[in-house]
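Chains as they are written, first to last, in my numbering: chain A, 1 to 593; chain B, 1 to 210. Positions of the beta carbon are idealized from the N, C-alpha and C atoms, including for glycine. This report concerns only the one structure given below.
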Amino acid sequence: MGGNPNSSQSHSSHDHSSHSDSSHHQSFWSQYVFSTDHKVIGIQYLFMSLFFLLFGFCLVLLMRWQLAYPGQPMPFIGKLFGESNMPGGVMLPEFYNQLGAMHGTIMVFLGVVPLGFAVFGNYLIPLQIGAKDMAFPRLNMFSYWLFFAGGLLMLSSFFLPSGPAGNGWTSYPPLSDISHDGQTVWLLSMFIIIISSLLSSLNFITTIFQMRAPGMTFERLPFFVWAQLTTAFLLLLAFPPLEGAAFLQLFDRLLGTSFFLPSGLFVNGQVAQVSGGGNALLWQHLFWFLGHPEVYVIILPALGIVTEIIACNTRKNISGFNMMRYSVIFLGFLSFVVWSHHTYLTGMGTNITAFFQTTTMIISIPSIIIISALFITLWGGSIRFNIPMLFALAFLPMFGFGGLTGLPLGLAATDIPLHDTYYVIGHFHYVVAPGVILGLFAGIYYWFPKATGRKMNDVLGHLHFWPTLITMNLVFFPMLIQGLMGVNRRMYDGGATYLFAHNVLYWNVIETWAAYILALGQLPFIFNFFYSIWNGEKVTSDNTWHSSTLEWATPTPPPHGNFIKPITVYRDPYSYSLEGAPKDYSPQDQKEI
Amino acid sequence: MEKTDLAHEIPESEKFIPYIVNPREDTGLYNAKFGIWLFLASEVMLFGSLFSAYILLRVGSFSWPVQSDIQNVPIGAVNSIILLSSSIFFIRAWVALKADDIAKYKKFMYLVILFAFMFLTLKGVEYYQHFSHHEYPKTSVFLAIYFLMTGLHALHIIGGILVNAYYVGPGMYLRAKDKQWFINRVEVAGLYWHFVDVVWIFLFSTLYLF
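Shown next as structure tokens:
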């Protein structure tokens, strides 16, 4: 029924499409700001999420001063934060809590997840499946602007008279129900961010199913696309319960209901005037139903990036590629039934605990299969130690270490003494910082030439990589030691009030200075990033790294519409060093190997 | 959905983004239909989390009212019938649109919107009755979750009204561009509308009865 006489008047947003668009003129606004092009949107996300990563990092740098030197005025900048936050340059506990809550929220929801999922997903999924754009380009733009609005709203809460939310990134009630206005803004902002990521994930899944080029069967999808597909499903199905929970908490805060407030609640030594009858555990279940899939939302894009880089830089197919695909799907399913290993301390009963211990132990299997497959891939490869590969290689042991330190936390008997200690902080930061963030850096260095036509500088790359790797370990490894000694993770003085902590308090100073050196170590990256956009070494080939996947079959940088010729896919994604091939890589879109 | 002839020429609207109008061979769906099913999946999780919250709160409560005593069951039942009828009207509107019978399409779409407004009006009457009995969200946990879930559902109804009104009003110009594309858009709006109706059936049986 499609061919009706009127169809020649094409839709205005699509009519500039079928030719490559170097000659096509758009205004600055529609080309760079309100663009529906997935690559531009990906880069918009990139700048936003890198800004938020830096911002969230700065928050924790403030906290680290207080942890290392509790009660001492912060030199130089301490006075800038006002008498209500840091009288005389000494941080108040309330301000410390706000910094902690905002650090977690910003890093997770506005930094790492957008960087891994929205930036690389937007930029690469259509390229890697041979599509001209996302399935819903305008929806994609809408997602970005929602994210932008949600991020601004979150930042704006710093200017509230009461300050931003200070109830931890998990916002556990009853505290979050009865705390000041910052929490309301937090909920509204999260609400907007959730809708944004819902629409993105819906768009990504539809794109992967509907927009694949001819010949691009599911067997031929690169692992990165598989990882993004799983991630998108997790976001799509796990985020709505947090949205529901945000509704409940907004009702509690604005309409005086008691979804999360039990009867007879004591606040400041007095029975609080609440209608009561609620259940504080309800929030924890709804939050962690999102929260645990969220962990995989953070990890999987980085795993996908690292897989691409390792396959290309070892010049061989990924060993056990099939197992990796099945593992990532299995992991996606299983991540929905492990959430309560975050709540062993709530006394929810041994039966439930036993169930979640079992699923938690099972879910480590697919993760280990994936990591092992990547390690085995290195065997017999002709490895090129370029900057992206260095980051990817560092990712493997660091992420593995983060995962292994999580095992004691998955079992209730060992989790209960460790749960509220620095051990947990050390564990999940190992997963996220030296693990995922190194993987994301690898992706930036790897695809930078495709996006800009210029390479990032190698010397500066080394200056970025080595300090980052070393200082991250210096920051987070001592936390494991402190945690095993029982230092509570929420102490605003770093544990100074506890006698038993005094033996390990000197680590606080080491961690703090390592964190400051880590911050300095990011300067080469920031400089390199902006310098190379305009002055980096120009690439001489569209396929900088001699890769076989489709994103390198585009012009550099890819124009609107991406490919200048119709794409047909003939072979598996990692076709390196095929027997009888003239080169050591055989692009997916070339008929002859 | 009728079987579409797959050996078609690529329509102008699909030159850039394929499968806007015609379904893709291996998935059997056009993009928007794929997308709306995913969206509905996320909606299932949203309402599912609230139903789970309801169960947890009710199981953990010391006292729970007999719901049918403080609820207006007849109004709720009538509202169920109203929404189900509007779903049927929607299907008839879509069938008429496919048969190119615009007058009939418009007639049934107006009925869909009218019935949606009737639903909201009756819902407002119920809310009014609750407020006049001094029953507010903060009165009890049951009323809190009742107002939250039905309120969220009402927001979904309002969203549906906006979409449906667009496709029978200002959005009609889209039909002139590509008829099949427009039929697809209406079908997708219909899937959403049916979902919102189904949610009400669950809400009615959970929050009004037993």
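Along the chain, where does the alpha helix (DSSP H) that runs through residue i open and close?
i                      : result
residue 210 of chain A : 182-210
residue 350 of chain A : 350-378
residue 127 of chain A : 120-129
residue 33 of chain B  : 31-59
residue 171 of chain B : No alpha helix (DSSP H) holds residue 171 of chain B; DSSP gives it neither H nor E.
residue 38 of chain A  : 38-68
residue 123 of chain B : 102-132
residue 471 of chain A : 458-484
residue 531 of chain A : 523-535
residue 262 of chain A : Looking at the DSSP string, residue 262 of chain A is not in any alpha helix (DSSP H), and its letter there is neither H nor E.
residue 185 of chain B : 179-207
residue 316 of chain A : Neither: residue 316 of chain A is in no alpha helix (DSSP H) and is coded neither H nor E.
residue 404 of chain A : 387-410
residue 423 of chain A : 422-430
residue 70 of chain B  : 67-70
residue 221 of chain A : Segment: none, residue 221 of chain A is in no alpha helix (DSSP H) and carries neither H nor E.
residue 98 of chain B  : 73-98
residue 146 of chain A : 137-156
Counting C-beta neighbours from all protein chains within 10 Å, is the total for residue i 16 or more, i.e. buried, or is it exposed?
i                      : result
residue 289 of chain A : buried
residue 106 of chain A : buried
residue 347 of chain A : exposed
residue 161 of chain A : exposed
residue 22 of chain A  : Any reading at residue 22 of chain A must be qualified, since the residue scores a pLDDT of 42, below 50, and its modelled position is unreliable; the value itself is stated next. By the 10 Å Cβ count, residue 22 of chain A comes out exposed.
residue 458 of chain A : exposed
residue 370 of chain A : buried
residue 506 of chain A : exposed
residue 540 of chain A : exposed
residue 77 of chain A  : exposed
residue 44 of chain A  : buried
residue 69 of chain B  : exposed
residue 497 of chain A : exposed
residue 100 of chain A : buried
residue 583 of chain A : exposed
residue 119 of chain A : buried
residue 49 of chain A  : buried
residue 450 of chain A : buried
residue 133 of chain B : exposed
residue 385 of chain A : exposed
residue 159 of chain A : exposed
residue 466 of chain A : exposed
Round the Cβ separation of residue i and residue j to the nearest angstrom and send it over; I've been treating them as touching at under 8 angstroms.
i                      : j                      : result
residue 93 of chain B  : residue 108 of chain B : 4 angstroms
residue 31 of chain B  : residue 210 of chain A : 5 angstroms
residue 241 of chain A : residue 49 of chain B  : 4 angstroms
residue 493 of chain A : residue 70 of chain A  : 4 angstroms
residue 67 of chain B  : residue 210 of chain B : 7 angstroms
residue 109 of chain A : residue 190 of chain A : 7 angstroms
residue 177 of chain A : residue 249 of chain A : 7 angstroms
residue 345 of chain A : residue 419 of chain A : 5 angstroms
residue 395 of chain A : residue 438 of chain A : 5 angstroms
residue 146 of chain B : residue 207 of chain B : 5 angstroms
Which residues, in chain order, does the region 23-39 of chain B contribute to contact with chain A at a C-beta distance below 7 angstroms? 24, 27, 31, 34, 35, 38, 39
Looking at C-beta atoms only, is the number of pairs between the region 303-318 of chain A and the region 375-384 of chain A that lie closer than 8 angstroms three or more? yes
Between the region 119-142 of chain A and chain B, which residues of the former have a C-beta closer than 9 angstroms to a C-beta of the latter? 131, 132, 133, 134, 135, 136, 137, 139
Under 7 angstroms, CB to CB, which of the residues in the region 188-206 of chain A have a partner in chain B? 198, 202, 205, 206
Decide yes or no for the touch test of the region 141-157 of chain A against the region 262-282 of chain A: beta carbon pairs closer than 8 angstroms, at least 3 of them. no
Within 9 angstroms of chain B by C-beta, residues of the region 210-221 of chain A in sequence order: 210, 211, 212, 217
Determine contact between the region 230-248 of chain A and the region 278-287 of chain A, defined as no fewer than three beta-carbon pairs at a distance below 8 angstroms. yes
At a Cβ cut of 8 angstroms, what residues of the region 400-432 of chain A count as close to chain B, listed as they run along the chain? none
Contact between the region 212-220 of chain A and the region 95-107 of chain B (3+ Cβ pairs under 8 angstroms): no
Does the region 165-184 of chain B come close enough to the region 75-85 of chain B to have 3 or more Cβ pairs within less than 8 angstroms? no
Quick one, which residues of the region 146-168 of chain B are near chain A if we go by CB-CB under 7 angstroms, in chain order? 148, 152
Any C-beta of chain A within less than 7 angstroms: which residues of the region 111-133 of chain B qualify? none
If contact is defined by three or more beta carbon pairs under 8 angstroms, each pair taking one atom from either stretch, is the region 197-206 of chain A in contact with the region 34-43 of chain B? yes
Relative to chain B, which residues along the region 256-271 of chain A have a C-beta separation below 7 angstroms, given in chain order? 256, 257, 258, 259
Against chain B: residues of the region 78-97 of chain A by CB proximity under 7 angstroms: none
Cβ-based contacts, 9 angstroms cut-off: residues of the region 163-183 of chain A near chain B: none
Quick one, which residues of the region 47-61 of chain B are near chain A if we go by CB-CB under 7 angstroms, in chain order? 49, 50, 53, 56, 57, 60, 61
Touch check for the region 560-574 of chain A and the region 480-494 of chain A: three-plus C-beta pairs under 8 angstroms? no
Against chain A: residues of the region 70-83 of chain B by CB proximity under 8 angstroms: none
Hey, is the region 548-559 of chain A in contact with the region 523-533 of chain A, meaning 3+ C-beta pairs nearer than 8 angstroms? no
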